[in-house]
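Q:
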Amino acid sequence: MAQELTLIDVDKPLYDLTTFAGRFKYYAWMTDPRTVIQPSERLLEAKEMIEKYRHGGQSLVPGKAEDVHYNMKLYSSAFHPDSGELQNFCGRMSFQVPGGMLITGGMLAFYRTVPAVVLWQFINQSFNAVVNYTNRNANSPTSVTQLGVAYVSATTSALIAAIGCKNYWSRKATPLFQRFVPFAAVAAANCVNIPLMRQNEILNGVEVKNTDGEIVGQSRLAAIKGISEVVISRIAMAAPGMLVLPLIMERLEKLPAYRRIKWINAPFQTLMVGCFLCFMVPSACAFFPQQCSLDTSTMRTFEPELYEDMKKRTDGNVPKRVYFNKGL
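Residues 0 to 327 (numbering that gives the first Met the number 0) make up the sequence shown, in order.
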């Protein structure tokens, strides 16, 4: 019997991205930490294969479909959706769980002294700066000076929040409440780091497209909306691990058996954070669609000059809604 052929469209996602459940499955598939160990040569091979099928429209036998899906996963997790460039190691979506697990575990385990707070917040903001830059909207280039200012500002804001909260809460709050210092610093820094790393999008706007994928103009409101959603997602991503785990540790550290094994504290918290992140990374990414939309009537009200430019580009046929990549 002849095998039935299956046509695979590599331009279409494997899941329904119009629903939260579909986006959760997609991001759980794309952020699979097992793919982070793949060498660059294997990732480039996956990209080459995807490009071949994209341009060739080949039909594949069922036994080969699994291989194509795996290459799609590697491509989605390691290459920028706009520019197609290979992300650096820390910026890849597949590194979000292991990277976040190690850094968040360190922040939660070593929060008692100011030098430890400074060190781990510095490491965290360095990691965040790389992630925010590599997952930006690639059509809005940022200069080296702007990157430097954004990095220093975000790191400074995190340190001010962490040290300020620590000094204030050490006098006013209970030991349990002091465990939430790392989360306060992370939340404050995300509100600074992401907008600064992507400031060009806010200043100049991002490219917006119609339903056919054609670029019809620029919008600063679109940039602000997309960045705001990313900030919310990043804070939500960290929240369960950094808010629930301190409550668990407060109970555990009172147990004599746990206190006898002094070395277990940091590894245990790191492992627990990893468990939270395995669920929260795809959940937080799925809160909002990757292809965000904006009503053009809002543009007409708040950025009339960009609306008029869009009107000229489209010969007066301005679409009701425009679409753009919000970044991650």
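From the three backbone atoms N, C-alpha and C, an ideal C-beta is built for every residue, glycine too.
1. With H, G and I counted as helix, E and B as strand and the rest as coil, what does DSSP make of residue 4?
2. Enumerate in chain order the residues of its own chain whose CB-to-CB distance from residue 271 is below 6 angstroms, with the five nearest sequence positions on each side excluded.
3. Per DSSP, what kind of secondary structure is residue 207 in: helix, strand or coil?
4. Starting from residue 320, follow the beta strand (DSSP E) in both directions and report where the run begins and ends.
5. Can you check DSSP and say which residues form a bridge with residue 216?
6. In the structure shown, what three-state DSSP assignment does residue 15 receive?
7. Look up residue 31 in the DSSP assignment and say whether it is helix, strand or coil.
8. Using the three-state DSSP reduction, which class does residue 293 fall into: helix, strand or coil?
9. State the Cα-Cα distance for the pair residue 236 and residue 282, rounded to the nearest angstrom.
10. Please work out which residues of its chain come closer than 6 angstroms, Cβ to Cβ, to residue 209, disregarding the five sequence neighbours upstream and downstream, and give them in chain order.
11. Can you give the Cα-Cα distance for residue 48 and residue 315, rounded to whole angstroms?
12. From this set, 240, 202, 207, 197, which residue's C-alpha is nearest residue 186's C-alpha?
13. Quick one: is residue 20 buried, meaning 16 or more other Cβ sit within 10 Å of its Cβ, or exposed?
14. Per DSSP, what kind of secondary structure is residue 308 in: helix, strand or coil?
15. Which whole-angstrom value describes the C-beta separation of residue 102 and residue 123, a residue pair presumed to lie in contact below a C-beta threshold of 8 angstroms?
A: Looking at the atomic coordinates:
1. Model confidence at residue 4 stands at a pLDDT of 49, short of 50, so the residue's coordinates are unreliable; what they give is reported in the following sentence. Residue 4 sits in coil when the DSSP states are folded into three classes, being neither helix nor strand.
2. Here the set comprises 244.
3. Correct three-state label for residue 207: strand.
4. Here the beta strand (DSSP E) through residue 320 covers 320 to 324.
5. Under DSSP, the beta-bridge partners assigned to residue 216 are 207.
6. Residue state for residue 15 is assigned as coil, using DSSP reduced to three classes.
7. In the three-state reduction of the DSSP assignment, residue 31 falls in the coil class, being assigned neither a helical nor a strand state.
8. Taken through DSSP and simplified to helix, strand or coil, residue 293 comes out as strand.
9. Near 8 angstroms, if we compare the C-alpha coordinates of residue 282 and residue 236.
10. Cβ-Cβ distances below 6 angstroms link residue 209 to 215, 318 in the same chain, with the five nearest sequence neighbours on each side left out; the list follows chain order.
11. Cα to Cα, the separation comes out at about 41 angstroms.
12. For residue 186, the closest alpha carbon among the candidates 240, 202, 207, 197 is that of 240.
13. Residue 20 is classed as exposed because its beta carbon has fewer than 16 other beta carbons within 10 Å across all chains shown.
14. Three-state result, residue 308: helix.
15. That pair is a contact at about 5 angstroms.
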